[in-house]
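Input: a single structure, listed below in structure tokens.
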Amino acid sequence: MIASRFLALACLVSLAACAAGPAPRHTPGPAADDNLNAVVWMQNSEEFALSALTVYRAAGALLDQALADPAWDAMAPGERAGDRTGLPPAIIVDVDETILDNSAYQARLVLEGREYDTGSWAEWVEEARATPVPGAVEFLSAAAGQGVTVFYITNREHGQAEATLANLAAVGFPVAQGVPVHLGLGMPVEGCTDQGQNKVCRRQWVAERYRVLMQFGDQLSDFIDIGDNSPASRAQAMASAGGYIGERWFMLPNPTYGYWESSLFGEDWSLSRDERRRIKRGSLRTH
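Written out as structure tokens, the structure is:
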């Protein structure tokens, strides 16, 4: 009797399975990507635009004061070259994620499951289709209208100047004529050699010729030498900033990439994505 009941139950299960049809195949979802939320935030949140507008409007409120004060100087003390009183005024800005929004390039990497590489980045630069960060065009145009020369100190290659300046001009940024305002990576500076992607020599090149009123960037290294980019060196550089922050140095939010990330794993990009993620997870604080 018991055996016949089991047989009947097995038949019922078998009939139910046949009625339901074949089991659906499992369709894997998109691969995990550390950059997804960051890019979505930059492209879709009002908060990103609000953050950028806050920075540039705050700077605009200080511009007249900076122009009127002959001692106003935004160079880090260790990079200042003597008394700059009487020199024409200038502003130094980084380009990527400071005044130009390259989130479309980052979005391509997320959707295609790839990471940054110099080839795809060079192609993006040549497209010259980056859009302006909110508030940047208005602020820099107003500054240029008051006789301030804007210098674009970027770690785009020095040879990418034509495409970069074309992109900047196309979206309304002021591009001074007769002055090398694109100071890209690899630009020769007599008597000075930058290490890696350091910008010290290029900042000093400007400071020898102009009184730098303000600096804008999305990385700490856009303002000051951070040495070996270890967490300790970064903390020391930050501590030396003093009263410059929000008055002479203005930081734009960039959660998509930066030296803040690579400092956690010792600049070792040979590590796999999984290993880098493991290290980043290990840096999290829960109390």
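FYI, in the working numbering the residues of the sequence shown are -18 to 268.
All residues carry an ideal CB built from backbone N, CA and C; glycine is no exception.
Assigned secondary structure, residue i (DSSP; H/G/I helix, E/B strand, else coil)
{"i": "G100", "result": "helix"}
{"i": "H139", "result": "helix"}
{"i": "T35", "result": "helix"}
{"i": "Y240", "result": "helix"}
{"i": "V129", "result": "coil"}
{"i": "T145", "result": "helix"}
{"i": "L(-10)", "result": "With a pLDDT of 45 at L(-10), under the threshold of 50, the modelled position of that residue is not reliable, and the figure given next carries that caveat. Residue state, collapsed to three classes: helix."}
{"i": "C(-1)", "result": "With a pLDDT of 46 at C(-1), under the threshold of 50, the modelled position of this residue cannot be trusted; read the value that follows with caution. Three-state DSSP puts C(-1) in a helix."}
Per-residue burial, residue i [other beta carbons within 10 Å of its own, 16 or more giving buried]
{"i": "S26", "result": "exposed"}
{"i": "N18", "result": "exposed"}
{"i": "V91", "result": "buried"}
{"i": "S84", "result": "buried"}
{"i": "K180", "result": "buried"}
{"i": "Q158", "result": "exposed"}
{"i": "H163", "result": "buried"}
{"i": "L233", "result": "buried"}
{"i": "P11", "result": "exposed"}
{"i": "S244", "result": "buried"}
{"i": "Q196", "result": "buried"}
{"i": "G59", "result": "exposed"}
{"i": "Q87", "result": "buried"}
{"i": "R325", "result": "Given a span of -18 to 268 for the chain in the structure shown, any question on residue 325 remains unanswerable."}
{"i": "L265", "result": "exposed"}
{"i": "R38", "result": "exposed"}
{"i": "I226", "result": "exposed"}
{"i": "G116", "result": "buried"}
{"i": "G223", "result": "exposed"}
{"i": "T237", "result": "buried"}
{"i": "G165", "result": "buried"}
{"i": "G177", "result": "exposed"}
Continuous alpha helix (DSSP H) stretch holding residue i: start and end
{"i": "I80", "result": "Looking at the DSSP string, I80 is not in any alpha helix (DSSP H), and its letter there is neither H nor E."}
{"i": "D249", "result": "Per DSSP, D249 belongs to no alpha helix (DSSP H) and is neither H nor E."}
Continuous beta strand (DSSP E) stretch holding residue i: start and end
{"i": "A71", "result": "P70 to V74"}
Interface flag, residue i vs chain C, CB-CB below 9 angstroms
{"i": "D45", "result": "Absent here is chain C; the protein component of the structure consists of one chain."}
### Validate contact between the stretch 134 to 143 and the stretch 50 to 59 using beta carbons, cut 8 angstroms, 3 pairs
no
#### Entry: Complete runs of the alpha helix (DSSP H) confined to the stretch 149 to 231 [at least 4 residues]
181 to 188 and 212 to 220
### Task
Just list the alpha helix (DSSP H) runs in the stretch 9 to 58, keeping only unbroken ones of 4 residues or longer that don't cross its boundaries, in chain order.
17 to 25 and 27 to 49
### Message
Quick check: the stretch 181 to 194 against the stretch 68 to 84, are at least 3 beta-carbon pairs closer than 8 angstroms?
### Response
yes
### Message
I'd like to know if the stretch 214 to 221 and the stretch 249 to 256 are in contact, where contact means that at least 3 CB-CB pairs between them fall below 8 angstroms.
### Response
no
#### Entry: Cβ pair count under 8 angstroms reaching 3, the stretch 193 to 204 against the stretch 74 to 86
yes
#### Entry: Touching by the beta-carbon criterion (3+ pairs, under 8 angstroms), the stretch 139 to 155 and the stretch 56 to 64
no
### Query
Counting pairs of Cβ atoms below 8 angstroms between the stretch 97 to 105 and the stretch 114 to 123, do you hit three or more?
no
### Task
Report yes or no: do three or more beta-carbon pairs, one from the stretch 38 to 48 and one from the stretch 162 to 174, lie closer than 8 angstroms?
Because the criterion of three Cβ pairs below 8 angstroms is not met, the stretch 38 to 48 and the stretch 162 to 174 do not touch.
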